[in-house]
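Asker: Numbering (the UniProt record's numbering), first residue to last: 1 to 614.
1) In its own chain, which residues sit with a C-beta less than 8 Å from the C-beta of residue 591, not counting the 5 before and 5 after it?
2) Mapping DSSP to helix, strand and coil, what is residue 562?
3) Between 559, 131 and 446, which lies nearest to residue 506 when the distance is taken from Cα to Cα?
4) Cutting at 8 Å between CB atoms, please list the residues of its own chain near residue 67, excluding the five before and the five after it.
5) Give me the residue from 270, 503, 181 and 327 with the minimum Cα distance to residue 209.
6) Report all residues from its chain with a CB closer than 6 Å to the CB of residue 465; omit the five preceding and five following residues, and keep chain order.
7) What residues match up with residue 538 in a beta bridge as DSSP calls it?
8) Got a sec? Which residues, its chain only, sit under 6 Å from residue 73 by beta carbon, not counting five neighbours each side?
9) Would residue 607 be called buried (16 or more neighbouring beta carbons within 10 Å of its own) or exposed?
10) Find out if the Cβ-Cβ distance for the pair residue 142, residue 104 is shorter than 9 Å.
11) Excluding five sequence neighbours on each side, which residues of the same chain lie with their C-beta closer than 6 Å to the C-beta of residue 299?
12) Please name the residue in 313, 100 and 402 whose C-alpha comes closest to that of residue 424.
13) Taking the alpha-carbon positions, what's the residue 267 to residue 238 distance?
14) Look at the Cβ atom of residue 352, then the Cβ atom of residue 400, and state whether they are nearer than 9 Å.
15) What is the DSSP secondary structure of residue 25, counted as helix, strand or coil?
16) With H, G and I counted as helix, E and B as strand and the rest as coil, what does DSSP make of residue 150?
17) Going straight from the alpha carbon of residue 154 to that of residue 231, what length do you get?
18) Is residue 581 buried or exposed, if buried means 16 or more other CB atoms sit within 10 Å of its CB?
19) Output the distance between the C-alpha atoms of residue 385 and residue 407, rounded to the nearest integer angstrom.
20) Please state the DSSP three-state secondary structure of residue 372.
21) DSSP three-state call for residue 386: helix, strand or coil?
22) Residue 218 and residue 258 look like a contact to me (Cβ under 8 Å); what is the Cβ gap, rounded to whole Å?
23) Helix, strand or coil for residue 123 per DSSP?
24) Bridge partners of residue 292, per DSSP?
25) Measure from the alpha carbon of residue 194 to the alpha carbon of each residue in 201, 213, 205 and 179, then state which is nearest.
26) By how many angstroms is the C-alpha of residue 513 removed from the C-alpha of residue 488?
27) Three or more beta-carbon pairs under 8 Å between the segment 154-167 and the segment 110-120, yes or no?
28) Closest to residue 491 by C-alpha separation, out of 211, 373 and 449, would be which residue?
29) Threshold first: 3 residues or longer. Then list the beta strand (DSSP E) segments lying entirely within the segment 310-367, N to C.
30) Please work out which residues of its chain come closer than 7 Å, Cβ to Cβ, to residue 437, disregarding the five sequence neighbours upstream and downstream, and give them in chain order.
31) Look at the alpha carbon of residue 150 and the alpha carbon of residue 90, and state the distance between them as a whole number of angstroms.
32) Quick one: using the 10 Å Cβ neighbour count with 16 as the cut-off for buried, is residue 562 buried or exposed?
33) Helix, strand or coil: which one does DSSP assign to residue 434?
34) With DSSP run on the structure shown, which of helix, strand or coil describes residue 593?
35) Rounded to whole angstroms, what's the CA-CA distance from residue 462 to residue 596? Just pull it up for me.
36) Just reading off the beta strand (DSSP E) that residue 219 is part of, what are its end residues?
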């Protein structure tokens with residue numbers, strides 16, 4: 001047995017086994033010495049192992065540090081520098097120099113400089129106007145220097161801060177490196193100033209001058225400058241001090257030397273009938289590498305003074321009338337001479353525009369031209385127009401009927417309007433007007449309300465609703481039969497809001513609680529009043545014409561009584577529909593037929609199958 005094994009102790013001084021005395025005491029002592037020896041050897045082994053690992057770790061760290069320091073020394077010995085102005089004028093080209101220096105003792109290879117700019121700075125020597133450039137610098141030996149000068153154009157907003165970034169990519173001794181530097185450039189005011197001058201007030205129909213002053217405020221000579229004016233649609237161009245290059249609104253000015261100025265004078269007139277303020281935006285472009293760049297903008301605002309020939313229009317007695325399909329509209333045009341002089345041979349012309357006009361029905365004492373859809377009054381029709389004294393006034397009228405249905409052809413066809421534009425003029429001109437005629441303008445736009453229809457239907461067999469009705473048919477006295485009721489809304493020409501449908505159940509009919517709809521709301525039943533109410537917030541235009549109509553379905557249970565034998569049992573009273581036209585704000589309403597067990601919409605039920613039997 002292991003407990004009986006005994007190994008004599010060893011005397012290290014004599015090299016012999018030691019006397020152990022009693023067996024028990026000797027075993028205990030020998031055991032302690034043996035364990036102690038083994039523990040000492042294990043501890044030294046662990047210490048040696050740890051020492052080895054520490055030495056290896058230090059070696060690895062040292063090697064890594066050495067390698068990293070080599071890389072750091074190598075990359076820090078290569079420098080990228082961006083040289084150029086801190087601020088530039090908008091539109092003036094400027095130069096940026098990218099400099100690469102190699103201070104390490106070996107070649108850098110495959111060097112590539114990538115220059116990137118923010119949107120307000122563009123590369124000027126490229127027809128594409130790019131803001132990303134790549135330049136190959138190739139190999140660069142130790143102690144070498146390479147530089148590249150690039151030309152840029154400042155096109156960003158005035159007082160904006162733009163950034164130019166240069167990134168160097170290269171390899172050395174088998175490793176890849178990247179260095180990046182950035183420079184900020186402030187774009188100041190435009191090098192070319194532009195100003196729009198115009199009269200304080202303009203009389204509608206009278207000619208006026210619009211002057212555009214421009215100036216090169218920089219020390220740079222521009223080789224190609226262009227000016228463009230955007231006219232409002234009511235403006236009529238007459239002439240200009242310089243012939244336009246194209247479209248009566250574009251001028252190629254050519255070279256514009258430093259510190260020089262010039263102007264363009266444009267003559268025209270405004271036929272203002274609907275508004276009294278008009279903008280004339282002006283843009284200045286400069287040309288570089290075959291491409292035009294916008295560098296300056298200005299806007300002139302023209303205000304229209306009241307015309308000396310006053311005009312106004314009403315439709316059915318109102319300037320805010322809401323029209324409906326199929327109705328007749330009577331337009332009245334009222335005029336007044338406020339010029340201070342007598343106006344001879346006045347002519348009034350009204351132009352009608354809108355898909356809903358039934359032009360075949362135009363009536364009145366004016367002459368109608370169906371090619372232009374215009375109605376004209378002259379002195380032959382209205383003698384008073386031959387001479388209008390100062391302060392004189394009068395009116396003319398015409399009528400036209402609207403089409404009976406809104407001409408919806410696409411789902412997007414909605415919010416229809418009618419427009420009548422009126423012009424009145426006379427060759428007599430007061431001294432204070434620079435015009436060939438005295439002219440007055442007016443216009444009236446009339447909104448057309450959309451339409452909607454509401455239908456109620458009852459079914460015994462209703463596969464479309466996926467509701468199973470029970471009970472007997474023909475209906476039998478004192479025997480319950482279930483039916484489904486459909487409420488259907490269709491609309492045309494405009495959207496609807498605040499929709500409500502209300503209907504009452506007949507006596508002997510009750511609500512089962514089965515209800516569904518294809519909108520976010522379902523009908524709700526009030527058992528105390530026996531009323532069913534269905535409300536919907538909004539319905540988009542042309543539901544039912546394009547896409548499914550808006551529909552709700554609910555189930556009822558009817559029990560006929562003895563007095564109803566031989567006739568149809570009433571189910572739901574006439575339901576009333578109401579809504580607001582989302583485009584015009586007009587009220588729209590409709591109502592349904594009363595529903596009975598005749599079930600005329602259920603094609604599976606015979607004509608007499610709904611009559612109550614006993």
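Think of the CB as a built atom: it goes at the ideal place given N, C-alpha and C, for glycine as much as any other residue.
Computed from a prediction, not measured in an experiment: that's the story for all the values here.
Answerer: Looking at the atomic coordinates:
1) Excluding positions up to five away in sequence, the list reads 454, 574, 575, 576 and 577.
2) helix
3) 559
4) Only weak support exists for where residue 67 lies, its pLDDT of 43 falling under 50; the value from the coordinates is given anyway. Cβ neighbours of residue 67 beyond the five flanking positions: none.
5) 270
6) 484 and 553
7) 497
8) For residue 73, the predicted model reports a pLDDT of 41, less than 50, meaning its position is unreliable; a value from the coordinates is still stated below. So no residue of the chain qualifies.
9) exposed
10) yes
11) 279 and 281
12) 313
13) 5 Å
14) yes
15) Unreliable placement is indicated for residue 25, whose pLDDT of 33 sits below 50; no coordinate value is reported for it.
16) DSSP places residue 150 in strand when its eight states are reduced to three.
17) Each residue's Cα considered, the two are about 28 Å apart.
18) buried
19) 38 Å
20) Residue 372 falls in the coil class under three-state DSSP.
21) helix
22) 6 Å
23) strand
24) 287
25) Among 201, 213, 205 and 179, the Cα nearest to that of residue 194 is on 213.
26) 19 Å
27) The segment 154-167 makes contact with the segment 110-120: 3 or more CB pairs, one atom from each, lie closer than 8 Å.
28) Of the candidates 211, 373 and 449, the one whose C-alpha sits nearest the C-alpha of residue 491 is 449.
29) 328-337, 347-353 and 357-364
30) 205, 425, 426, 427 and 429
31) 17 Å
32) The residue in question, residue 562, is exposed, as its Cβ has fewer than 16 Cβ neighbours within 10 Å.
33) DSSP places residue 434 in coil when its eight states are reduced to three.
34) coil
35) 16 Å
36) Premise fails: residue 219 is in no beta strand (DSSP E) and is neither H nor E.
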